[in-house]
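Following the numbering used here, the residues of the sequence shown are numbered contiguously, the last one being 223.
We put the CB at the ideal spot given by N, CA and C, even for glycine.
First up is the structure itself, then whatever we jot down about it.
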Amino acid sequence: MSDPMRLLRERNLAVWSSGDWDEMAPFIAPVGARLLDRLPVASDTRLLDVGTGSGSSVAIPAAQRGAAVTGSDITDAWFPAARRRAEEAGVDVKWEVGDAAELPFADDSFDVVTSTFGHMFAPGHAAAASELARVCRPGGTIGLCCWTPQGKVGQMFIRLGGHMPPPPEGFQPPPLWGATSDRWSVPRPCSAKAGRPSARTSSSSRPR
Numbered sequence: 016m017s018d019p020m021r022l023l024r025e026r027n028l029a030v031w032s033s034g035d036w037d038e039m040a041p042f043i044a045p046v047g048a049r050l051l052d053r054l055p056v057a058s059d060t061r062l063l064d065v066g067t068g069s070g071s072s073v074a075i076p077a078a079q080r081g082a083a084v085t086g087s088d089i090t091d092a093w094f095p096a097a098r099r100r101a102e103e104a105g106v107d108v109k110w111e112v113g114d115a116a117e118l119p120f121a122d123d124s125f126d127v128v129t130s131t132f133g134h135m136f137a138p139g140h141a142a143a144a145s146e147l148a149r150v151c152r153p154g155g156t157i158g159l160c161c162w163t164p165q166g167k168v169g170q171m172f173i174r175l176g177g178h179m180p181p182p183p184e185g186f187q188p189p190p191l192w193g194a195t196s197d198r199w200s201v202p203r204p205c206s207a208k209a210g211r212p213s214a215r216t217s218s219s220s221r222p223r
């Protein structure tokens, strides 16, 4: 990771460690259920949720469906709330600190890899895409929810970007993840299925 990108990663860490994400989590939680309904999640499915926050969107609901879940986030600031939520739901989830662009897991560790509006904030999109594919086993599934450039949230990012200092070379805006899926060129290519136009939901299967 280049020095400018590493600096941006450190800024992201500071941002996501601030405020009260758990208070906002319920507004995102319904999206996780819609994503899980499209994925092959069953008893003993090994599932990784990237950018899990306090786990209410995907990690905990997936565990309630019987999956063996790991929730990963760039900061552990929300893990106390995540553990509380998991305990209230009566499920076990493993919580791990990890950058979406440098996931701390071995190759082919998971059957399903998910992220709802989390991975898209990694400054290097290709690096994050490669990592999601790397930790997903051959024949496994990657399911993502992303804001689109033309949606209300994407437009908000565009307007905010016009009032901020120029980003470092190589930076890509988060809503580009919600653009067409055929722009990717990663070591393990996937074919994605698109969802709603304002918040794209995609599920991809890794080639066997």
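Check	Outcome
Closer than 8 Å: V56 CB and nearest the ligand SAH heavy atom	The model depicted lacks the ligand SAH and carries no ligand whatsoever.
Secondary structure of D35, DSSP reduced to three states	coil
For I89, the three-state DSSP class (helix, strand or coil)	coil
Short Cβ contact (9 Å threshold) for M135 with L118	no
Residue environment, V112, which counts as buried when at least 16 other CB atoms sit within 10 Å	exposed
Euclidean distance between Cα positions of A144 and A83	22 Å
For D114, three-class secondary structure by DSSP	strand
Touching by the beta-carbon criterion (3+ pairs, under 8 Å), the stretch 140-156 and the stretch 51-65	yes
Beta-carbon proximity check, A77 vs T129, cutoff 9 Å	yes
Whole-Å CB distance - W110 paired with R98, under 8 Å assumed	7 Å
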